[in-house]
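**Q** Shown below is the structure under consideration.
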Ligand SMILES: Nc1nc2c(ncn2[C@@H]2O[C@H](COP(=O)(O)OP(=O)(O)OP(=O)(O)O)[C@@H](O)[C@H]2O)c(=O)[nH]1
Ligand SMILES: [Mg+2]
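Numbering (my numbering), first residue to last: 18 to 304.
Set out below in structure tokens:
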């Protein structure tokens with residue numbers, strides 16, 4: 018394995034299960050080992066994919082050795098911090114390429130409880146296309162205090178009031194979906210690489226007519242590591258919401274024929290997707 022490159026075997030590795038659990042990481046050394054172990058100990062058959070943006074705290078090294086030792090763990094290391102939304106798009110594209118039946122996404126810092134994963138999957142079994150772990154539906158809880166609590170609550174209340182969609186949670190990443198029900202590209206073509214990705218994604222699920230259900234969760238504030246949310250994200254979030262409210266329909270090209278996905282001429286990985294402009298963009302190295 019080349020220290021500067023992504024493990025080239027990971028993206029082409031065959032899947033060992035029908036369910037992919039996806040985690041984005043940037044400097045999660047305090048929790049990543051426990052998180053991966055908890056996920057793999059769940060009473061479900063699953064693979065775990067981590068997209069790490071070249072963490073500087075040892076997360077990448079730990080993941081490299083875990084991925085080398087366990088076929089259920091896949092790792093894509095990107096050359097720089099390319100954004101949490103961009104990492105999720107790559108996770109979805111990877112799941113589609115390997116033909117997983119369902120995907121689950123969550124944070125790596127234990128704000129989301131791995132024990133909620135089977136509850137989300139059970140909601141899919143009961144007929145939902147998408148299950149969203151929700152802090153704001155009846156029975157949901159949120160440990161934030163002060164400014165973070167105010168911000169999170171008001172952002173989601175505002176989204177609900179402005180968009181008039183039948184969901185209460187727009188901004189957290191704990192979600193599960195049936196890949197054959199979500200049109201290819203609905204997620205992968207979202208034009209946002211940051212935290213705004215989650216809002217657009219939830220809106221696209223509902224506006225695409227998917228059966229979206231909310232499962233109450235208890236969201237915990239991170240107790241290790243530091244927050245990576247830039248203040249500018251708050252302003253970006255407001256603009257994002259205004260744009261979605263005006264659009265009424267998902268913006269842009271929301272389909273992605275998989276035969277248009279190419280190997281990247283720079284990093285060699287199979288994650289080059291066409292942008293709306295027709296240009297190609299590699300979700301793994303941003304070339
Ligand atoms: N690959 C990748 N992962 C990221 C990036 N930014 C954040 N993450 C990961 O995305 C998940 C959510 O990020 P957090 O920083 O926990 O965001 P948050 O939960 O909204 O806020 P805090 O917990 O207060 O930091 C965590 O697993 C992070 O490690 C990024 O640019 N690239
Ligand atoms: Mg967090």
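All residues carry an ideal CB built from backbone N, CA and C; glycine is no exception. If you're wondering where the values come from, they're calculated on a predicted model, not measured in any experiment.
1) Note the first and the last residue of the continuous beta strand (DSSP E) segment covering residue 39.
2) Ends of the alpha helix (DSSP H) at residue 53?
3) In the DSSP output, which residue or residues are listed as bridge partners for residue 236?
4) For residue 200 versus residue 219, is the C-beta distance shorter than 8 Å?
5) Would the C-beta of residue 213 count as close to ligand 1, meaning under 7 Å from any of its heavy atoms?
6) Where in the segment 158–225 do unbroken runs of the beta strand (DSSP E), each at least 3 residues long, occur, reported from the N-terminal end onward?
7) Report the option in 183, 292, 123 and 96 whose CA atom is closest to the CA atom of residue 283.
8) Alpha carbons only, please: which of 175, 41 and 180 is nearest the one belonging to residue 265?
9) Please report the distance separating the alpha-carbon of residue 291 from that of residue 303.
10) Can you list, in chain order, the residues of its chain with a C-beta nearer than 6 Å to that of residue 147? Leave out the 5 residues immediately preceding and following it.
11) Report all residues from its chain with a CB closer than 6 Å to the CB of residue 237; omit the five preceding and five following residues, and keep chain order.
12) Using only the alpha-carbon positions, how far apart do residue 110 and residue 288 sit?
13) Near residue 184, what residues of its chain come up, given a Cβ to Cβ distance below 7 Å and the 5 sequence neighbours on each side ignored?
14) Measuring CB to CB, does residue 34 end up less than 8 Å from residue 63?
15) Taking the beta carbon of residue 251 as the centre, do at least 16 other beta carbons fall within 10 Å, making it buried, or is it exposed?
16) Count the other CB atoms, across all protein chains shown, that sit within 10 Å of the CB of residue 58; report buried if there are 16 or more and exposed otherwise.
17) Excluding the 5 residues flanking residue 158 on each side, which residues of the same chain have their C-beta closer than 6 Å to its C-beta?
18) Take residue 135 and list the residues in its own chain whose beta-carbon comes closer than 8 Å to its own, dropping the five residues that flank it on each side.
19) From the DSSP secondary-structure annotation, give me the bridge partner or partners of residue 319.
20) If the criterion is Cβ atoms closer than 8 Å, does the pair residue 123 and residue 72 meet it?
21) Below 8 Å, how does it come out for the segment 41–52 and the segment 74–93: are there three or more Cβ pairs, yes or no?
22) Once you ignore the five residues that flank residue 313 on each side, which residues in its own chain have a CB closer than 7 Å to its CB?
23) Is the beta carbon of residue 117 less than 8 Å from the beta carbon of residue 37?
24) Under the DSSP definition of a beta bridge, which residues are partnered with residue 231?
25) Find out if the Cβ-Cβ distance for the pair residue 119, residue 196 is shorter than 8 Å.
26) Would you kindly work out how many angstroms separate the C-alpha atoms of residue 66 and residue 89, rounded to a whole number?
**A** So, from the listed chains and residues:
1) 36–42 is the extent of the beta strand (DSSP E) around residue 39.
2) Boundaries of the alpha helix (DSSP H) harbouring residue 53: 49–57, taken from the DSSP string.
3) In the DSSP assignment, the residues bridged to residue 236 are 159.
4) Against a cut-off of 8 Å, the Cβ pair of residue 219 and residue 200 comes out as no contact.
5) Taking 7 Å as the cut-off, one finds no heavy atom of ligand 1 near enough to the beta carbon of residue 213.
6) Listed in chain order, they are 192–195.
7) Sorting 183, 292, 123 and 96 by C-alpha distance to the C-alpha of residue 283 places 96 at the top.
8) When each option's Cα is compared against that of residue 265, the closest is 180.
9) CA-to-CA, the gap between residue 291 and residue 303 works out to about 12 Å.
10) Hits under 6 Å: 194, 222, 227 and 229.
11) If we look at residue 237 and ignore the five residues flanking it on each side, its Cβ neighbours are 128 and 160.
12) Taking the straight line from one Cα to the other gives about 7 Å.
13) Within the same chain, and ignoring the five residues on either side of residue 184 in sequence, the residues whose Cβ sits closer than 7 Å to its Cβ are 149, 219, 223, 229 and 231.
14) Yes, they are a contact pair.
15) So residue 251 counts as exposed.
16) By the 10 Å Cβ count, residue 58 comes out exposed.
17) Cβ within range, chain order: 235.
18) Excluding sequence neighbours, residue 135 sits near 59, 60 and 61.
19) Residue 319 cannot be examined here, being either before or after the span of the chain that is shown, 18 to 304.
20) Not a contact, by the Cβ cut-off of 8 Å.
21) Judged by Cβ distances under 8 Å, the segment 41–52 makes contact with the segment 74–93, as three or more pairs qualify.
22) In this structure the chain extends from 18 to 304, so residue 313 is not present and cannot be described.
23) The answer is yes: Cβ separation under 8 Å.
24) Answer by DSSP bridge pairing, in chain order: 149.
25) Yes, the pair counts as a contact, with Cβ atoms nearer than the cut-off.
26) Roughly 8 Å separates the two Cα atoms.
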